[in-house]
Amino acid sequence: MGQKVHPYGFRVGTLYGWQSNWYAGRHYAEQLHEDIAVRSFIKKKLYHAGISKVIIERTGDKLVANIHTARPGILIGKRGAEIDVLRDDLKKFSSRDIFINVKEIRKAELDAQLVAENIATQLERRVAFRRAMKKAMIATMKFGAEGIRIQCSGRLGGADMGRREWYRDGRVPLHTLRAEVEYGRAEARTTYGSVGVKCWIFKGEVGDKELRKGPLSHDAPGEVSGPGPSR
Numbered sequence: 003m004g005q006k007v008h009p010y011g012f013r014v015g016t017l018y019g020w021q022s023n024w025y026a027g028r029h030y031a032e033q034l035h036e037d038i039a040v041r042s043f044i045k046k047k048l049y050h051a052g053i054s055k056v057i058i059e060r061t062g063d064k065l066v067a068n069i070h071t072a073r074p075g076i077l078i079g080k081r082g083a084e085i086d087v088l089r090d091d092l093k094k095f096s097s098r099d100i101f102i103n104v105k106e107i108r109k110a111e112l113d114a115q116l117v118a119e120n121i122a123t124q125l126e127r128r129v130a131f132r133r134a135m136k137k138a139m140i141a142t143m144k145f146g147a148e149g150i151r152i153q154c155s156g157r158l159g160g161a162d163m164g165r166r167e168w169y170r171d172g173r174v175p176l177h178t179l180r181a182e183v184e185y186g187r188a189e190a191r192t193t194y195g196s197v198g199v200k201c202w203i204f205k206g207e208v209g210d211k212e213l214r215k216g217p218l219s220h221d222a223p224g225e226v227s228g229p230g231p232s233r
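Mapping to the numbering used here: the sequence shown position 2 is 4, numbers consecutive.
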């Protein structure tokens with residue numbers, strides 16, 4: 003049976019860049035675990051803010067966290083109060099100076115991670131899984147995607163035996179390296195158990211000129227940088 007390679011890891015270096023940008027010698031493992039802890043904390047603390055990804059950069063004694071979110075107002079807070087609280091919380095994970103950049107995702111319907119989390123939230127609210135999946139697919143295609151695939155696994159609808167169901171609209175070429183395919187996954191904790199949600203979104207193919215320039219920037223069209231780094 004064929005296995006699916008992670009679409010992001012498959013295209014790192016050709017279409018996408020790394021989500022951790024720094025160099026470390028013998029402290030590599032320590033900094034890697036530090037990044038994992040920072041991402042997990044931000045995702046857990048600000049789950050309701052629609053966090054898609056966290057790009058971490060390290061230069062000298064600085065740690066810069068670029069947070070991509072669909073709701074920057076919740077993350078920033080009134081006059082930046084929430085940012086200050088978050089920065090203080092992150093200091094327990096690193097001894098470096100913490101800087102935070104907030105980048106807004108204008109079209110959450112085209113972000114695979116946010117789509118998967120939205121479906122998972124609906125399943126926890128006891129919305130029918132087929133309705134949630136089809137509604138998300140319609141919204142994504144309406145915003146200009148060339149294809150989308152959504153898969154749910156678990157005790158769907160409270161069935162005694164777990165199963166897997168998926169729907170697809172358009173085309174999602176997983177083997178084409180020039181294809182800009184986003185992938186996201188989430189978990190819904192329902193009264194019948196956990197239900198896994200996976201989402202693939204195909205935005206189009208990248209031309210030869212763009213590929214020669216190197217990996218796509220994390221500030222892709224549809225994302226706008228928020229306030230600059232602050233202490």
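Backbone N, C-alpha and C fix where the C-beta goes; we use that ideal spot for every residue, glycine too.
Check your understanding: Can you tell which of E189, C154, I53 has its C-alpha closest to the C-alpha of K109?
Key -> Start at 1 with the first residue of the sequence shown, and residue 109 comes out as number 107. K109 has its Cα closest to that of I53, out of E189, C154, I53.
Review point. Taking DSSP as the reference, what is the three-state secondary structure of L65?
Key: Translated into the one-based positions of the sequence shown, residue 65 becomes position 63. Correct three-state label for L65: strand.
Review point. For K105, which of helix, strand or coil comes out of DSSP?
Key: Working through the sequence shown from its first residue, we reach residue 105 at position 103. It is a strand residue.
Exercise for review: Can you say whether R191 is buried or exposed, counting buried as having 16 or more other CB atoms within 10 angstroms of its CB?
Suggested key: For the purposes of this step, residue 191 is taken as residue 189 along the sequence shown, with counting starting at 1. R191 comes out exposed.
Check your understanding: Beta-carbon separation of W202 and R166 under 8 Å?
Key -> Taking the sequence shown and counting its residues from 1, one reaches residue 202 at position 200. Taking the sequence shown and counting its residues from 1, one reaches residue 166 at position 164. Taking 8 Å as the Cβ cut-off, W202 and R166 do not qualify as a contacting pair.
Review point. Near A188, what residues of its chain come up, given a Cβ to Cβ distance below 6 Å and the 5 sequence neighbours on each side ignored?
Key: Against the sequence shown, residue 188 aligns to sequence position 186. Counting only Cβ-Cβ distances below 6 Å, and skipping sequence neighbours, we find A118, E119, A122, V199.
Exercise for review: Counting only the same chain and skipping the five closest in sequence on each side, list residues whose C-beta sits under 7 Å from that of D63.
Suggested key: Here residue 63 refers to the residue found at position 61 of the sequence shown. Contacts found: R98, D99.
Point to revise | 8 Å Cβ cutoff met for L116 and A83 | key: If you number the sequence shown from 1, residue 116 lands on position 114. If you number the sequence shown from 1, residue 83 lands on position 81. No, they are not a contact pair.
Review point. Nearest to K94 by CA position, among Y30, K205, V40, E184, is which residue?
Key: The residue labelled residue 94 in the question sits at position 92 within the sequence shown. Selected option, being the one with the closest Cα: V40.
Exercise for review: Name, in chain order, the residues that DSSP records as bridge partners for K55.
Suggested key: Here residue 55 corresponds to residue number 53 of the sequence shown, with the count starting at 1. According to DSSP, K55 bridges with H70.
Check your understanding: Between which two residues does the beta strand (DSSP E) containing K205 stretch?
Key -> Residue mapping note: residue 205 aligns to position 203 of the sequence shown, counting from 1. Residues 195-207.
Point to revise | Beta carbon of Q21 nearer than 8 Å to that of K47 | key: Mapped onto the sequence shown, residue 21 falls at position 19. Mapped onto the sequence shown, residue 47 falls at position 45. In this structure, K47 does not lie closer than 8 Å to Q21 by Cβ.
**Study point:** Beta-carbon separation (whole angstroms), D113 vs E182, contact threshold 8 Å
**Key:** Position 111 of the sequence shown, counted from the start, is the residue given in the question as residue 113. Position 180 of the sequence shown, counted from the start, is the residue given in the question as residue 182. About 12 Å; that fails the 8 Å criterion.
Review point. Exposed or buried, what is V174 when buried is set at 16 or more other beta-carbons lying within 10 Å of its beta-carbon?
Key: The residue you call residue 174 lines up with position 172 of the sequence shown. Flag for V174 reads buried.
Review point. Can you tell me whether DSSP reads E225 as helix, strand or coil?
Key: Position 223 of the sequence shown, counting from 1, holds the residue named residue 225. Any reading at E225 must be qualified, since the residue scores a pLDDT of 37, below 50, and its modelled position is unreliable; the value itself is stated next. In the structure shown, E225 sits in a strand (DSSP, three-state: E or B).
Review point. Taking the Cβ atom as the reference point for each residue, do R133 and Y194 lie within a distance shorter than 8 Å?
Key: For the purposes of this step, residue 133 is identified with residue 131 of the sequence shown, where counting begins at 1. For the purposes of this step, residue 194 is identified with residue 192 of the sequence shown, where counting begins at 1. Going by C-beta atoms, R133 is not nearer than 8 Å to Y194.
**Study point:** G149 Cβ short of 7 Å to the ligand GTP heavy atom set
**Key:** Among the components of this structure there are no ligands whatsoever, and the ligand GTP is therefore not found.
Exercise for review: Starting from the C-beta of P9, find all residues in its chain whose C-beta is less than 6 Å away, skip the five residues before and the five after it, and write them out in chain order.
Suggested key: Position 7 of the sequence shown, counted from the first residue, corresponds to residue 9. If we look at P9 and ignore the five residues flanking it on each side, its Cβ neighbours are V183, Y185.
Review point. Taking the DSSP output, what are the residues bridged to E167?
Key: Against the sequence shown, residue 167 aligns to sequence position 165. E167 is bridged to C154.
Practice item. Would you grab the beta carbon distance between E148 and G172 for me? Rounded to a whole angstrom, and I think it's under 8 Å. Key: As a working note, residue 148 is residue 146 in the sequence shown. As a working note, residue 172 is residue 170 in the sequence shown. Contact holds; Cβ gap of about 5 Å.
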